[in-house]
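Protein chains in written order, with the numbering used here: chain A, 292 to 537; chain B, 837 to 1377. Below: one structure, written as structure tokens.
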Amino acid sequence: MIEANYAGTMLAVQNLSKKFGKHMAVDRLNFSLHSGEVVGLLGPNGAGKSTLIKCIVGLLRPTNGEILINGHIRGSRAARQTSAYVPEIPQLYDMLTVWQHLQFITGAYEVKQWEEKAEELLKMFEIWDKKDEFTKALSKGMRQKLSLCCGVVSNAQMLFLDEPMVGLDPKAIKNLKNLIQELKDEGKTLFISTHLLDPIETVCNRVIVLKKGKIIAQGSLEDLRHQLGEENASLEEVFLEVTADD
Amino acid sequence: MTDYLQMLRLDLRKLINYIVEIKRTPKKLISYFLFLAWIALILLPQFMGNKKSTLPQQMNPTIIQAILSAYLLLISGLIFSTLISSLKKLYFTFSMGDVNLLFPSPLEPQRILFWSMLKKIPATLLGAVLPVLFLTPTLLRWGIGTQGVFFIYASFVSLALIISPLAFLIFLLSVRYQKEGWMRSVLVCSILWLVGSWLWQVRESTNLVDLLTGYQAVGIWQFPVVGWILRLAYAGFNGASSDTYWGLLWIVLTLSLVSFAVYRLAKDYYEDVLGRAEKMYEARKRAKSGRPQFSEVFAKFGRKNKPAVKGTYAGSRAFLFKQIANYRSAGLNEYLGVLAPLALAVGLVVGFLVSSKSIMDPSGGLFTINGIIAYMLILTSSTSSISAELALPYIYVLPGTFYKKVLALNALPVLRFAINIFLINLSYTLMAKGDKEAWVTAVIISLMVITVYFELGNSVIVGNVLLPSALDRKLFFPLMLMIQILVIVIPAGVIGGGLYLSFQSELALALGIIVANVGVGLLLLRFSEKLFSYIEMREYT
């Protein structure tokens, strides 16, 4: 059991592998996230980022390994109660309105007095005027905003955001960046998979870089810069350097 | 309990929103009205006819045997094909909304599954009403009482209710608990048992009618699920007995047991339903954008990974390249798809039946086959290669004229359709031992159907200009159908009729129709070129 080794951490992943047929999408991963940390999950297309997040939130079954969320086994009710997931593609309920989505999520997570927070989020993402619209009438960007609101309004201690900035306009990206900082200040733990490096550069405590299902680098931006010997490199430069083919 | 309450609230909200949606989009009422009118048009004459007849018509026992035999074959085919597929794949459906919102939420996965199975019951009960409603007047006229109709309905509902949890259980045992070999053996033995029982029952039969009584074999009658569902249908025609009620009881017990087993065994099942949910989501997207559904199903057969297409396809001909690559990956080659051997087989079988049973003269068979094909063509005319392309950006942005693009897109489908039509008609004529006149009819009628296909393929663009919204096209589908029929019939009638009157020859009539179809098809193509600038790409509207 890994509970003893990782006591006090928000997410503990040990020896995690996921195979699709013969293809090893995620290969013996070991890492942990501490409470209040914001960790960026980076990697080229097909690196296994979405698969990893789906394994953690319980949508995919790991082939091997163990995952604990706040000390609870992945997929258990307590683990789900602690975590929320914002998917890569915002596929929602077509026949629910924006507000009803938030009602449903807060009901499922048993959140009380959520209305004020929900209004604040919808206003921040400029979809407050759409609150009575069915989601099928929303653009992809608006659905993405609602999907983010659903994740945040759940009040879960840990958030898994899979490519949260895709489809967002520049203002929404800036607002999301501020929101991530706010959540970090509130002590929430965030695990963010993204290709857009600039917005997360200043808010992430550290990054994990995946390639072909394996962790090829992890640590704070400073650590990685130090490892590469380039003290002024941006996150983008660090990423390109560590993911470059040999 | 709160989990179930949450899901009940969610589903009630969705249900209420459907009503709100109608209030917001009142023109949707037109489609519901047309749907109800369609049902009424089918049902009313039958009910009125039923009132007029003083005595119900007694049903021929041979026809009952044939219906029950066919029903058994149908349900067995459906059940076993579903269960065999379930050895590797799961067909239980959740929406992508469930996947992204419900699954990661704290609600218990098993409760989500149980609720999903539970809510399928009223949906299934309602879904089975329609076919029974259509059958009811006919059944009543055949002297089948209300109780009989109830048992037929119960038979349909039992089949619909039990198949999904049963398939889920097979999948769990086969994939999750790795008993595929064992499950496969059970299914194969079951099929062999059923076939063996049928053959044993009819071992002394001397004619075709006696062969139909095989469904009454004890081995089938007592066989789980298949036998019980059959008993209910049998009671519909022959009255209920204790066997019927036992069958009903066994079905209820099995359904409860299987559902309970699924509930207990389906741990961590989310991954298993993801693939199906994504497929359903894609299918809905395809349907909304007007892309054909059936071609995707057929494309699964014989899909090759790396079809090689050599040469340069510049400008509008790029669409020809796309069609060649698409067809080569999904069929024998770009000219022969999976429908070609099917067309050949249908032609040979129907031809053989016509020749051996002397049901009708060979030309009569040709008219029946091609009439059905033409009917299907008109019903499916709203989806074609062009309608699929209109939902994508390439036809709007790639270089070339629209006229040439349509030709490039339609050339291969028309050619493939022509090959299939000739295959079915000529193989039929060969097997039906048609005379010279039948061969000429086969060729002429093939050309007529092919030219109708050509004509309909070119009419899609006009439909898109007249009704740009996909919703409007759905709403006014019957109206569009009528216009299409008029566009086909009037010129064909005028030119064909004119030639017939002039030459007093049926051949002249047929040639006139063919010429009219080609002419109108070309005119529609020309007209489409002019109309193309009025069309815009619509993704999900």
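Built from N, CA and C at the ideal position, the CB exists for glycine as well. Predicted model, so just to flag it, every value in this text is computed and none were measured.
query	result
Go through its chain and collect everything with a Cβ distance to A:Q305's Cβ below 7 Å, but skip five positions before and after it.	I293, N321, G356 and E357
Is A:M433 helix, strand or coil when you go by DSSP?	helix
To the nearest angstrom, how far is the alpha carbon of A:L481 from that of A:N466?	16 Å
Closest by CA to A:V500, which one among A:L470, A:G432, A:E477 and A:E532?	A:E532
Below 8 Å between beta carbons: does that hold for B:V965 and B:L975?	no
Against chain A, with Cβ distances strictly below 8 Å, would B:L891 count as a contact?	Only weak support exists for where B:L891 lies, its pLDDT of 48 falling under 50; the value from the coordinates is given anyway. Closer than 8 Å: no.
Excluding sequence positions up to five away, which residues of its chain have a Cβ less than 6 Å from the Cβ of A:T300?	S323 and H325
Please identify, using Cβ separations under 9 Å, the residues of the segment 377 to 393 of chain A that lie next to chain B, in order along the chain.	V377, P378, I380, P381, Q382, L383, Y384, D385, M386, L387, T388, Q391 and H392
When the Cβ atoms of the segment 1262 to 1271 of chain B are set against those of the segment 1303 to 1314 of chain B, are three or more pairs found closer than 8 Å?	no
Three or more C-beta pairs closer than 8 Å, one from the segment 1310 to 1325 of chain B and one from the segment 1245 to 1255 of chain B: is that the case here?	no
Assuming B:Y1081 is part of the beta strand (DSSP E), what are its boundary residues?	First-last for B:Y1081: S1078 to L1101, but that is the alpha helix (DSSP H), not the beta strand (DSSP E).
So, does the CB of B:P1235 fall closer than 8 Å to a CB anywhere in chain A?	no
Say whether the segment 1277 to 1284 of chain B touches the segment 1334 to 1350 of chain B, bearing in mind that this needs 3 or more beta-carbon pairs closer than 8 Å, one atom from each stretch.	yes
Measuring only the C-alpha atoms, how far is B:K1366 from B:F1312?	23 Å
Relative to the C-alpha of B:L971, which residue among B:V856, B:I903 and B:D1108 is closest?	B:I903
Should A:A375 be flagged as near chain B, meaning a C-beta pair shorter than 8 Å?	yes
The beta strand (DSSP E) spanning B:L1361 covers which residue range?	Looking at the DSSP string, B:L1361 is not in any beta strand (DSSP E); the run it does join, the alpha helix (DSSP H), is E1342 to L1367.
Just to confirm the assignment, what range does the alpha helix (DSSP H) spanning A:E406 have?	E406 to M415
Drop a sphere of 10 angstroms on the beta-carbon of B:P940, count the other beta-carbons inside from all chains shown, and report buried for 16 or more, exposed for fewer.	buried
Which residues, in order along the segment 923 to 945 of chain B, keep a beta-carbon less than 9 Å from a beta-carbon of chain A?	S931, M932, G933, D934, V935, N936, L937, L938, F939, P940, S941, P942, L943, E944 and P945
What separation, rounded to the nearest whole angstrom, lies between the Cα atoms of B:V1094 and B:A1144?	48 Å
Is B:L943 near B:D839, with beta carbons less than 8 Å apart?	yes
Under 8 Å between C-beta atoms, does B:Q842 make it to chain A?	yes
Under 8 Å by Cβ, that's how I've got B:D1363 and B:V1298 pegged, so tell me the actual separation to the nearest angstrom.	One point to set straight first is that residue 1363 of chain B is Phe, not Asp, in the sequence displayed. So it is a contact: roughly 7 Å between Cβ atoms.
Going by DSSP in three states, B:E1372 sits in which element: helix, strand or coil?	coil
By Cβ distance, which residues of its chain are closer than 7 Å to B:L1358, with the 5 residues on each side in sequence left out?	none
Would you say B:R1112 reaches chain A, if we count a Cβ-Cβ gap shorter than 8 Å as a contact?	no
Can you name the residues of chain A whose CB is closer than 8 Å to the CB of B:N853?	M386, L387, T388, Q391 and F425
Using a cut-off of 7 Å between C-beta atoms, extract the partners of B:R947 located in chain A.	The premise fails here: B:R947 is roughly 10 Å from chain A at the closest Cβ pair, so nothing lies under 7 Å.
Going along chain B, which residues have a C-beta under 9 Å from A:C440?	Those do not exist, as A:C440 stays about 12 Å from chain B at its closest Cβ, beyond 9 Å.
For A:S445, count neighbouring C-beta atoms within 10 Å of its own C-beta (all shown protein chains included) and say buried if the count is 16 or more, exposed if not.	buried
Just reading off the alpha helix (DSSP H) that B:M1284 is part of, what are its end residues?	K1272 to L1302
Would you say A:Q509 faces chain C, with C-beta separation under 8 Å as the test?	Annotation note: the requested chain C is absent from the structure, which comprises protein chains A and B.
Report buried or exposed for B:I1286, applying the criterion of at least 16 other Cβ atoms within 10 angstroms of its Cβ.	buried
Compare the C-alpha of B:A1244 against each of B:L1156, B:S1041 and B:L880 and name the closest.	B:L1156
Candidates B:S952, B:N896 and B:K924: which alpha carbon is nearest B:I980's?	B:N896
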